[in-house]
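What follows is a single structure, written as structure tokens, with notes after it.
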Amino acid sequence: MAAALLCAGLLYPLSPSARGGRSSDPMSEWRIAGDTIDVSDNHGGSVMQYDSLWTELAAQGKRVRVVGNCQSACTTLLGHVPASRICVTPEAAFGFHLAQHEAGTETMWGGYPAGIRQWIQQQGGLTAEFKWLRAPDIYRYFQRC
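Residues in the sequence shown are numbered from 1 upward in steps of one, following our numbering.
Next comes the structure, spelled out in structure tokens:
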């Protein structure tokens with residue numbers, strides 16, 4: 001399945017392939033309703049698209065419930081949505097790695113809260129291999145749903 005946000009029972013694609021090559025503006029196709037966005041099995045995509053999406057959703061005061069994997073560009077949410085508006089289930093996991101382009105890595109790294117950056121550094125820093133933040137460690141940074 002393509003990377004997507006699940007919100008109010010509707011899937012919102014987050015990758016060019018999931019959009020079928022249509023508009024280059026991801027916001028033209030995403031309509032997020034309700035107060036809480038469920039993130040599950042999200043493999044990332046364009047750092048710039050995700051960064052833009054989370055900027056807008058955070059400004060709208062959206063809450064995020066992580067119910068599965070949020071990896072790669074998906075993790076840009078951590079630079080926009082305050083930890084107080086993020087909750088995690090026991091299945092939640094954040095996957096961190098180097099982006100394909102230096103600018104993408106800088107965007108992701110620069111947005112991560114200090115505690116998350118410290119955790120990543122303790123795991124050996126960002127590399128091509130994923131570093132997975134899961135339970136029980138994830139509960140040090142985010143409340144349980």
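For each residue, glycine too, the CB sits at the ideal point set by N, CA and C.
- Distance from the Cα of residue 35 is smallest, within the candidate group 57, 52, 44 and 47, for 57.
- With respect to the C-alpha of residue 53, the residue from 89, 75, 121 and 66 having the closest C-alpha is 75.
- If the five residues before and after residue 44 are omitted, its C-beta is found closer than 6 Å to the C-beta atoms of 71, 72, 73 and 74, all from its own chain and listed in chain order.
- Here residue 92 is buried, its C-beta having at least 16 other C-beta atoms within 10 Å.
- For residue 145 against residue 88, the beta-carbon gap comes to about 6 Å, under 8 Å, which counts as contact.
- By alpha-carbon distance to residue 119, the top candidate from 41, 90, 95 and 63 is 95.
- Residue 86 holds the alpha-carbon nearest to the alpha-carbon of residue 61 among 117, 143, 130 and 86.
- When 112, 126 and 128 are compared, the shortest CA-CA separation from residue 141 is found for 112.
- Counting only runs of 4 or more residues that sit fully inside the segment 42-115, the alpha helix (DSSP H) segments are 47-59 and 102-111, in chain order.
- Closest in C-alpha terms to residue 69, from the list 134, 143 and 139, comes 134.
- Apart from sequence neighbours up to five positions away, the residues of its chain that approach residue 97 with a beta-carbon distance below 8 Å are 71, 72, 126, 127, 128, 129, 130 and 131, ordered along the chain.
- In this structure, 50 is the residue among 122, 50 and 42 with its C-alpha nearest to the C-alpha of residue 105.
- Per the DSSP secondary-structure output, residue 132 pairs in a beta bridge with 95.
- The beta carbon of residue 99 is closer than 7 Å to those of 47, 105 and 108 in its chain, skipping five residues each way along the sequence.
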